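Student: This is the structure I want to talk about, given as structure tokens.
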Amino acid sequence: MASGTRSQGAKEFAYCPYSKFRVGAALLAHDGTVFTGCNVENASYNLGLCAERTTIAKAVSEGYRRFKTIAIASDLEDQFISPCGGCRQFMREFGDQWSVYLSKPDGSYVEMTVGELLPVSFGPEDLKKKTMLTTQNGS
Ligand SMILES: [Zn+2]
Numbered sequence: 001m002a003s004g005t006r007s008q009g010a011k012e013f014a015y016c017p018y019s020k021f022r023v024g025a026a027l028l029a030h031d032g033t034v035f036t037g038c039n040v041e042n043a044s045y046n047l048g049l050c051a052e053r054t055t056i057a058k059a060v061s062e063g064y065r066r067f068k069t070i071a072i073a074s075d076l077e078d079q080f081i082s083p084c085g086g087c088r089q090f091m092r093e094f095g096d097q098w099s100v101y102l103s104k105p106d107g108s109y110v111e112m113t114v115g116e117l118l119p120v121s122f123g124p125e126d127l128k129k130k131t132m133l134t135t136q137n138g139s
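Just so we're aligned, residue 1 is where the sequence shown starts under the UniProt record's numbering, counting upward by one.
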């Protein structure tokens, strides 16, 4: 899993002065291009970005929307790093059948699909299914 090594490397750039919780991610696009990213925190805490969303935003902003895998790395030695709920939804935007590698620093990992991490999800296809509803007051 080459992208696992890349996610470990991306973690080195984590900007996390508040949590001290370093996370890196490496995203493999359909054509083999790899994008990497890290968490980017902010003094206004809720503006912080997770590594996964940083990485996906980098790829999308360069014209990529089809992904094969994303590997996530942290410093947790006894636990596979798992993406937060917001990042699961962010991944889901680009499909639910691509792979997520939850890794440990020793290189071991668990592979799951986006759909397994976010079952019964809401995605872009659902917006196309919307139907017009008539409410009781006619509006
Ligand atoms: Zn997240």
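The beta-carbon is built from N, C-alpha and C at its ideal position, and this holds for glycine as well.
Since the structure is predicted, the reported quantities are computational estimates derived from the model, not experimental observations.
Output needed for C84: all residues of its chain with C-beta closer than 7 angstroms, excluding positions within five of it in sequence on either side, in chain order.
Tutor: If you number the sequence shown from 1, residue 84 lands on position 84. Around C84: C50.
Student: So D96 and V114 are in contact, right, with Cβ under 8 angstroms, and what is the actual spacing, rounded?
Tutor: Taking the sequence shown and counting its residues from 1, the one referred to as residue 96 is at position 96. Taking the sequence shown and counting its residues from 1, the one referred to as residue 114 is at position 114. About 5 angstroms; that satisfies the 8 angstroms criterion.
Student: Just tell me which of A71, G37, Y15, T55 has its CA closest to the CA of S3.
Tutor: Along the sequence shown, read from residue 1 onward, the residue named residue 3 stands at position 3. The residue with the shortest Cα to Cα distance from S3 is A71.
Student: With distances taken between CB atoms, is the gap from A26 to S7 smaller than 8 angstroms?
Tutor: Taking the sequence shown and counting its residues from 1, the one referred to as residue 26 is at position 26. Taking the sequence shown and counting its residues from 1, the one referred to as residue 7 is at position 7. Yes, the pair counts as a contact, with Cβ atoms nearer than the cut-off.
Student: Is the beta carbon of G37 within less than 7 angstroms of some heavy atom of ligand 1?
Tutor: Residue 37 sits at position 37 when you count from the first residue of the sequence shown. Not so, every heavy atom of ligand 1 lies at least 7 angstroms from the Cβ.
Student: Quick one: give me the first and last residue of the alpha helix (DSSP H) that S103 is part of.
Tutor: Locating residue 103 in the sequence shown gives position 103, counting from the first residue. First-last for S103: 99-103, but that is the beta strand (DSSP E), not the alpha helix (DSSP H).
Student: Which whole-angstrom value is the C-beta distance of L76 and V100, which I expect to be below 8 angstroms?
Tutor: Here residue 76 refers to the residue found at position 76 of the sequence shown. Here residue 100 refers to the residue found at position 100 of the sequence shown. Not a contact, Cβ separation roughly 16 angstroms.
Student: Can you list every residue whose CB sits closer than 7 angstroms to some heavy atom of ligand 1, going in chain order?
Tutor: C50, E52, R53, P83, C84, G86, C87
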